[in-house]
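Residue 22 in full-length UniProt numbering sits at position 22 of the sequence shown; the count goes up by one each step and never skips. Backbone N, C-alpha and C define an ideal beta-carbon position, used for all residues, glycine too.
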Amino acid sequence: MTGGYEVDQFVDAPDEDLICVICRAVLRCPVRLKCNHVFCKECILQWMKRQVKCPCCRQPIDQNQMLVLFKLSKSIGRLPVKCRNAQQGCRATFPLSTEYLHSSSCPFEWQICPHEGCGQQVLRKDAQSHDQICSHWRQLCPMGCGALLMRDNQALHNCYRDLQRRYLADRRRQRAIAANLRRKMQRMQSRMAQIKRQVNLMCESLEVGELEVDAGEGTSAWTETTAPSSSHSRQRNTRVRFI
């Protein structure tokens, strides 16, 4: 079991009191049992899955009386340790509690090449030089044109020329769209003018029809008013002859 910190990781040999008897490593998150024996928390929890007696004194273990030793944990965190990348050449030492901060920026930390398809492991300090020769290198154009550059086309890429070509192509497309819209608008205007002429002709035709109807009604009325007068005149002429 390796629940604690490896002894070889520390600059100075840790005191025996700081060694977990289960994993034989420096205590990680130390806890004390009712019998006052101290173990790594993970180690003793794994131990209790097999048996519930203290591995030192064989007394029964009561998990409810297990006490986490925060002060001891902080003291262990202040112990100086060596970088885990010492075999790669790192000679840095630092408090155990800052190990993560150092590892996140250690120049001797192994990294996998981020370029898809490569997968080669390189030291962080060599990552930039590896980028210069990696055949799987890919990068978006730093000028912001959106082109994906590769090693073989990087030197041929010209943002200004490509952007100018795109700009001219867009202008031609916009002009074609504008010309098409103008033609459609002209056809619509011509059609509207034709419809307007037809409407005017229909209105004129309706006005002429109304005038003819009005004229016909006037003639009929005049005939009806003059007809009785002619009959009365004939009667008068007849009486004259008899006299």
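Sheet register partners of residue i (DSSP bridge)
{"i": "Cys40", "result": "Pro30"}
{"i": "Leu67", "result": "Arg32"}
{"i": "Thr93", "result": "Lys82"}
{"i": "Val122", "result": "Gln111"}
{"i": "Ile19", "result": "Val26"}
{"i": "residue 322", "result": "The requested residue 322 does not occur in the structure, where the chain is confined to residues 1 to 243."}
{"i": "Tyr5", "result": "Val26"}
{"i": "Pro60", "result": "Lys53"}
Pairwise C-alpha distance: residue j and residue i
{"i": "Thr93", "j": "Tyr100", "result": "12 Å"}
{"i": "Met48", "j": "Met150", "result": "57 Å"}
{"i": "Val7", "j": "Gln132", "result": "40 Å"}
{"i": "Asp17", "j": "Gln63", "result": "22 Å"}
{"i": "Gln51", "j": "Arg58", "result": "10 Å"}
{"i": "Asp12", "j": "Ser129", "result": "36 Å"}
{"i": "Arg172", "j": "Glu210", "result": "57 Å"}
{"i": "Asn200", "j": "Arg183", "result": "26 Å"}
{"i": "Gln87", "j": "Asp170", "result": "58 Å"}
{"i": "Ser205", "j": "Gln198", "result": "11 Å"}
{"i": "Cys118", "j": "Leu69", "result": "46 Å"}
{"i": "Phe242", "j": "Glu207", "result": "Below a pLDDT of 50, predicted positions are generally treated as unreliable, and Phe242, at 41, falls in that range; no measurement from the model is reported."}
{"i": "Asn180", "j": "Gln186", "result": "10 Å"}
{"i": "Ser190", "j": "Cys159", "result": "46 Å"}
{"i": "Ala147", "j": "Glu116", "result": "17 Å"}
{"i": "Trp137", "j": "His157", "result": "15 Å"}
{"i": "His102", "j": "Met143", "result": "34 Å"}
{"i": "Met192", "j": "Met202", "result": "15 Å"}
{"i": "Glu42", "j": "Lys71", "result": "18 Å"}
{"i": "Cys106", "j": "Ala25", "result": "24 Å"}
{"i": "Gln46", "j": "Gln65", "result": "17 Å"}
CB-CB length for residue i against residue j, believed under 8 Å
{"i": "Cys23", "j": "Pro30", "result": "Rounded, the Cβ-Cβ distance is 12 Å, inconsistent with contact."}
{"i": "Cys145", "j": "Leu163", "result": "6 Å"}
{"i": "His37", "j": "Cys54", "result": "6 Å"}
{"i": "Gln9", "j": "Lys82", "result": "6 Å"}
With 16 other Cβ atoms within 10 Å as the buried cut-off, status of residue i
{"i": "Ile61", "result": "buried"}
{"i": "Gly3", "result": "buried"}
{"i": "Tyr167", "result": "exposed"}
{"i": "Arg239", "result": "For Arg239, the predicted structure reports a pLDDT of 45, less than 50, and the residue's modelled location is therefore unreliable. A value from the coordinates is still provided. Answer is exposed; the Cβ neighbour count stays below 16."}
{"i": "Leu27", "result": "buried"}
{"i": "Asn85", "result": "buried"}
{"i": "Gln108", "result": "The amino acid occupying residue 108 in the given sequence is Phe; Gln does not appear at that position. With 16 or more other Cβ atoms within 10 Å, it is buried."}
{"i": "Cys90", "result": "buried"}
{"i": "Ala178", "result": "exposed"}
{"i": "Ala176", "result": "exposed"}
{"i": "Ile44", "result": "buried"}
Proximity to residue i [Cα-Cα], best of the options
{"i": "residue 316", "options": "Cys145, Gln121 and Cys141", "result": "Residue 316 is absent from the model: the chain starts at 1 and stops at 243."}
{"i": "Leu96", "options": "Pro14, Gln128 and Gln65", "result": "Pro14"}
{"i": "Arg78", "options": "Met202, Gln88 and Thr98", "result": "Thr98"}
{"i": "Arg124", "options": "Glu116, Gln111, Cys118 and His115", "result": "Gln111"}
{"i": "Arg32", "options": "Met188, Arg165 and Leu67", "result": "Leu67"}
{"i": "Asp126", "options": "Arg138, Cys113 and Val38", "result": "Cys113"}
{"i": "residue 257", "options": "Cys56, Ser104 and Gln174", "result": "Residue 257 lies beyond the residue range present for the chain, which begins at 1 and ends at 243; the question has no answer from this structure."}
{"i": "Tyr5", "options": "Lys71, Ile76 and Gln46", "result": "Ile76"}
Contact with chain C by residue i, beta-carbon distance below 7 Å
{"i": "Arg187", "result": "As a matter of chain content, chain C is missing from the structure shown, which is built from one protein chain."}
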